[in-house]
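Notes follow the structure.
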Amino acid sequence: MRDIPSYDPASLEAKWQARWAERHTNEPDLDRAARPFYNLMMFPYPSAEGLHVGNMFAFTGADIYGRFKRLQGYDVFEPMGFDAFGIHSENYALTIGTNPAKLIPQNIATFRRQLRRFGGMYDWRHELSTTDPAYYKWTQWLFLQLFKAGLAYKKRAAVNWCPKDKTVLANEQVIDGRCERCDTPVEQRFLDQWFFRITNFAERLLDNQHNLDWSSSTVLLQRNWIGRSEGAELIFETPSGKKITVFTTRPDTVFGATYLVLAPEHPLVDELTAVEQRSAVKAYQRDVQSKDIVSRRVGDKTKTGVFIGSYARNPATGEAIPIWIADYVLMEYGTGAIMAVPAHDKRDFEFATQFKLPIRQVVAVEGETLPSVSENGVLINSGAFDGAPCLEGARKIVAWLSGRGLATPRVQYRLHDWCISRQRYWGPPIPIIYCEQCGVVPVPEKDLPVELPLIEDFRPDDTGVSPLARHEEWYFVKCPECGGQARRETDVSDTFLDSAWYHLRYPSTEFHDRPFDAARTKQWLPVSSYIGGNEHAVLHLLYARFICLVLHDLGHLHFDSPYPKFRAHGLIIKDGAKMSKSRGNVVVPDTYIQQWGADAFRMYLMFLGPFQDGGDFRDSGIVGQRRFLEKVWALAHEAAEAKSAPVPALEQKLHRTIRKVSADTEALQYNTAIAAMMEYVNELTANFARALWCRAAWRRKTCLRGCLRMRR
2 MRDIPSYDPA SLEAKWQARW AERHTNEPDL DRAARPFYNL MMFPYPSAEG
52 LHVGNMFAFT GADIYGRFKR LQGYDVFEPM GFDAFGIHSE NYALTIGTNP
102 AKLIPQNIAT FRRQLRRFGG MYDWRHELST TDPAYYKWTQ WLFLQLFKAG
152 LAYKKRAAVN WCPKDKTVLA NEQVIDGRCE RCDTPVEQRF LDQWFFRITN
202 FAERLLDNQH NLDWSSSTVL LQRNWIGRSE GAELIFETPS GKKITVFTTR
252 PDTVFGATYL VLAPEHPLVD ELTAVEQRSA VKAYQRDVQS KDIVSRRVGD
302 KTKTGVFIGS YARNPATGEA IPIWIADYVL MEYGTGAIMA VPAHDKRDFE
352 FATQFKLPIR QVVAVEGETL PSVSENGVLI NSGAFDGAPC LEGARKIVAW
402 LSGRGLATPR VQYRLHDWCI SRQRYWGPPI PIIYCEQCGV VPVPEKDLPV
452 ELPLIEDFRP DDTGVSPLAR HEEWYFVKCP ECGGQARRET DVSDTFLDSA
502 WYHLRYPSTE FHDRPFDAAR TKQWLPVSSY IGGNEHAVLH LLYARFICLV
552 LHDLGHLHFD SPYPKFRAHG LIIKDGAKMS KSRGNVVVPD TYIQQWGADA
602 FRMYLMFLGP FQDGGDFRDS GIVGQRRFLE KVWALAHEAA EAKSAPVPAL
652 EQKLHRTIRK VSADTEALQY NTAIAAMMEY VNELTANFAR ALWCRAAWRR
702 KTCLRGCLRM RR
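So the sequence shown is numbered by our numbering: it starts at 2 and just counts up by one.
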């Protein structure tokens with residue numbers, strides 16, 4: 002037999018990638034595909050020098066699934082793009098002292114080179130970047146559709162403010178009172194912000210989950226974030242006739258409400274505060290403004306609050322109960338006021354204990370001590386409702402109070418409207434113009450895109466005003482309606498708006514007169530398979546579903562769920578911790594691919610553990626995958642030289658392996674699929690060696706019995 006050439010992944014992988022490009026292997030005919038399969042993975046932020054191994058882990062798993070579906074006969078469309086706007090990219094540019102408009106294209110070029118070398122089956126004809134005016138023209142168009150439908154509005158609201166990043170943060174971006182990006186303590190500010198009315202769709206966002214084939218953990222995270230609660234609004238009236246409305250999920254406990262708590266920002270606080278309490282109330286309000294919203298929601302171990310000097314009447318008992326303000330009540334949740342039932346709420350119990358307020362038990366549960374929060378008990382100290390089970394008592398009490406105009410059944414949600422304003426430079430300008438004569442005027446669609454100007458002084462300041470406001474040549478503009486002097490909105494939109502619709506654009510990137518072509522959209526959408534990180538469960542994935550519902554209602558889409566099938570990949574760790582620059586454990590894939598080859602590196606990542614769980618990256622582990630590929634390489638060359646007869650036992654093993662690998666790949670269990678292939682190759686190698694030896698012996702007429710035995 003001739004000498005077997007050595008396994009050289011650099012030349013071998015380059016050869017096949019060139020052949021894919023020459024044959025357009027990864028470029029399906031989007032108009033004539035017989036079996037369309039849209040294989041999508043979450044696109045990356047080009048907010049660093051390059052992709053790390055965690056990115057490659059996610060992309061590899063998604064790419065394998067696409068290849069698998071193509072082998073099953075599907076026309077697979079697998080695009081790739083870059084989520085290039087936003088604070089991640091801008092902060093990186095600020096860190097290294099370069100304008101993001103210059104830096105981000107360089108980063109994208111690096112990411113693209115890495116992705117090509119890694120061997121993904123991407124259709125690069127449909128690459129997109131959210132920073133391309135040809136893309137964000139349609140992001141701005143999307144904003145206008147919501148504005149015209151009454152789903153976009155501007156109001157002054159309490160927001161989380163990072164004094165270092167100098168921008169608003171979503172609640173999800175605050176960890177233990179600190180900015181998740183820079184670990185700076187977060188403040189609360191009141192700013193004029195643009196919002197989308199996602200709360201109008203809360204019930205449908207919950208209902209649609211029943212039709213989704215998603216990772217169960219993702220479904221649960223979204224369900225909890227939306228937070229549906231059934232209850233009632235109750236009216237507590239002050240002696241002056243002011244009505245304070247509270248929402249409660251436990252109207253059965255109203256007889257135990259011994260005080261009210263208002264949010265410090267509640268509009269009735271100033272009016273109801275007694276003269277002698279004004280100084281203390283104002284001081285407390287100032288103190289609360291220095292706290293972020295998230296830590297207020299969670300609550301401190303030591304409760305704080307101030308009595309405002311006024312009382313309201315409990316609608317059930319008729320007694321006057323004191324009104325307090327406390328930081329654990331927020332205007333953004335419910336009505337900004339709560340009835341405190343300390344005997345049956347842990348937080349109220351701690352507050353009442355702290356300030357020596359009355360605690361009245363109205364629910365009896367055998368074996369439980371106060372505070373008892375169970376709904377399985379019976380009512381006590383509740384007048385005519387004593388002895389009723391809690392749920393039954395709740396219905397009867399609401400009906401009784403409703404008859405007196407003091408209660409209304411309600412469904413409440415934890416979900417809040419989506420704040421999309423960002424007081425930064427690097428993002429799509431919100432397409433709104435302000436005119437003294439005409440008011441708030443949407444930019445006409447024919448004038449889109451409102452291009453982001455190239456400015457050098459893009460660093461944000463502490464005023465809460467976007468850097469764009471400093472550039473009069475861009476800021477001042479003629480009103481589209483009256484032609485008079487007007488000014489542009491200087492906030493840019495949240496990067497999650499960019500990514501809420503990108504899946505719609507990929508198949509239609511060559512169309513410049515529409516965001517997504519109707520025929521292409523009908524052919525390829527909704528997405529067949531979507532793979533990404535669970536950290537986006539209550540941001541990107543929720544917002545994308547919301548935008549899809551809006552576009553469906555407005556007649557732009559034939560479906561109302563963008564990703565019927567979603568799987569969350571696991572997390573790659575190193576040295577027992579999540580990879581991050583601060584820990585110094587980030588692994589850059591380039592050197593590994595250069596040394597071991599993309600195939601070996603990809604296989605190693607998938608062999609670390611179950612794809613939906615992740616694994617621990619260790620430098621030594623990749624050696625085994627390289628040796629396996631070398632074994633396959635040698636075996637293939639040997640088989641091409643020697644035509645040995647089939648071995649029944651080996652044929653059976655082959656079919657068992659095919660069945661195992663097929664089932665495991667469909668379930669994204671790549672590690673066990675690889676193990677099955679390794680087992681088969683080991684057996685094949687051993688049997689093939691025996692077959693070659695037997696064939697030589699047959700020529701010498703020395704092993705007829707052995708050969709016949711092996712064939713059996």
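Where a beta carbon is used, it is the ideal one built from N, C-alpha and C, also for glycine. Please read these numbers as outputs of a predicted model, since none were measured by experiment.
{"Check": "Pull up the DSSP beta-bridge partners for Thr249, would you.", "Outcome": "Ala233"}
{"Check": "Rounded to a whole number of angstroms, what is the C-alpha to C-alpha distance between Leu72 and Asp208?", "Outcome": "35 Å"}
{"Check": "Can you look up Ile339 in the DSSP assignment and give me helix, strand or coil?", "Outcome": "strand"}
{"Check": "Short of 6 Å in beta carbon distance, which residues of its chain neighbour Met43, apart from the five on each side in sequence? Order them along the chain.", "Outcome": "Gly533"}
{"Check": "Taking Ser40 as part of the beta strand (DSSP E), name the residues at either end of that continuous run.", "Outcome": "Per the sequence shown, the amino acid found at residue 40 is Asn instead of Ser. Run containing Asn40: Pro37 to Met42, per the beta strand (DSSP E) assignment."}
{"Check": "For Arg251 and Phe560, I'd like the C-alpha separation in whole angstroms.", "Outcome": "38 Å"}
{"Check": "Just how far apart, CA to CA, sit Thr522 and Leu558?", "Outcome": "8 Å"}
{"Check": "Might you give, ordered along the chain, the residues of its own chain that have their beta carbon closer than 6 Å to the beta carbon of Arg488, omitting 5 neighbours on each side?", "Outcome": "Tyr435, Tyr476 and Phe477"}
{"Check": "In chain order, what residues of the same chain have a beta carbon less than 7 Å from the beta carbon of Glu23, not counting five sequence neighbours either side?", "Outcome": "none"}
{"Check": "Which of the three DSSP states is assigned to Asn688 in this structure?", "Outcome": "helix"}
{"Check": "Return the Cβ separation of Phe352 and Ala344 in integer angstroms, given the expectation that the two are a contact with Cβ distance under 8 Å.", "Outcome": "That pair is no contact at about 12 Å."}
{"Check": "Nearest-angstrom Cα distance between Asp554 and His211?", "Outcome": "19 Å"}
{"Check": "Between Leu261 and Ile324, which are expected to be in contact by the criterion C-beta below 8 Å, what is the C-beta distance as a whole number of angstroms?", "Outcome": "5 Å"}
{"Check": "How many angstroms separate the CA atom of Asp665 from the CA atom of Met604?", "Outcome": "15 Å"}
{"Check": "Given this structure, state the Cα-to-Cα distance separating Val1 from Ala19, to the nearest angstrom.", "Outcome": "Residue 1 falls outside the range modelled here, since the chain spans only 2 to 713, and no answer is possible."}
{"Check": "Can you tell me whether Gln210 is helix, strand or coil according to DSSP?", "Outcome": "helix"}
{"Check": "Enumerate in chain order the residues of its own chain whose CB-to-CB distance from Asp214 is below 7 Å, with the five nearest sequence positions on each side excluded.", "Outcome": "Pro565 and Lys566"}
{"Check": "Does the pairing of the stretch 253-271 with the stretch 372-384 give three or more beta-carbon distances under 8 Å?", "Outcome": "yes"}
{"Check": "To which residues of the same chain is Tyr66 closer than 8 Å at the C-beta, ignoring the five residues directly before and after it?", "Outcome": "Asn40, Ser530, Ile532, Thr666 and Leu669"}
{"Check": "Is Trp17 buried or exposed, if buried means 16 or more other CB atoms sit within 10 Å of its CB?", "Outcome": "exposed"}
{"Check": "So the beta strand (DSSP E) Trp530 belongs to, where does it begin and stop?", "Outcome": "Here residue 530 turns out to be Ser, not Trp, going by the sequence shown. Ser530 to Gly534 is the extent of the beta strand (DSSP E) around Ser530."}
{"Check": "Quick one: is Gly240 buried, meaning 16 or more other Cβ sit within 10 Å of its Cβ, or exposed?", "Outcome": "What sits at residue 240 in the sequence shown is Pro, not Gly. Result: exposed."}
{"Check": "Just the C-alpha distance for Arg117 and Gly465, rounded to the nearest angstrom, thanks.", "Outcome": "41 Å"}
{"Check": "Would you tell me roughly how many angstroms separate the C-alpha atoms of Leu636 and Val451, rounded to the nearest one?", "Outcome": "60 Å"}
{"Check": "Report back the beta-carbon spacing between Pro372 and Phe356 to the nearest angstrom; my notes put them in contact at under 8 Å.", "Outcome": "At roughly 15 Å, the Cβ-Cβ gap does not stay under 8 Å, so Pro372 and Phe356 are not in contact."}
{"Check": "What is the C-beta distance between Thr168 and Ile245, in whole angstroms, given that I count them as a contact (C-beta under 8 Å)?", "Outcome": "Actually they do not touch by this definition, with Cβ atoms about 34 Å apart."}
{"Check": "Assuming Leu609 contacts Phe618 (C-beta within less than 8 Å), just tell me the rounded distance between them.", "Outcome": "7 Å"}
{"Check": "Which first and last residues belong to the alpha helix (DSSP H) in which Pro106 is found?", "Outcome": "Pro101 to Phe119"}
{"Check": "Classify Ser12 as helix, strand or coil using the three-state DSSP reduction.", "Outcome": "helix"}
{"Check": "Just curious, the alpha helix (DSSP H) that Ser48 is in, first and last residue?", "Outcome": "Segment: none, Ser48 is in no alpha helix (DSSP H) and carries neither H nor E."}
{"Check": "Which residues does DSSP list as the beta-bridge partners of Lys575?", "Outcome": "Ala578"}
{"Check": "Which runs of the beta strand (DSSP E) spanning at least 3 residues fall entirely within the stretch 476-524, listed in chain order?", "Outcome": "477-479 and 486-489"}
{"Check": "Where do the ends of the alpha helix (DSSP H) carrying Lys283 lie?", "Outcome": "Arg279 to Val289"}
{"Check": "From the DSSP output, which residues share a beta bridge with Asp193?", "Outcome": "Arg157"}
{"Check": "Could you spell out the range, first to last residue, of the beta strand (DSSP E) harbouring Trp427?", "Outcome": "That residue, Trp427, is in no beta strand (DSSP E); it is neither H nor E in DSSP."}
{"Check": "Can the beta-carbon of Ala164 be found less than 8 Å from the beta-carbon of Asp518?", "Outcome": "The residue you asked about is not Ala; residue 164 is Pro in the sequence shown. It is not a contact, given that the beta carbons lie outside the stated cut-off."}
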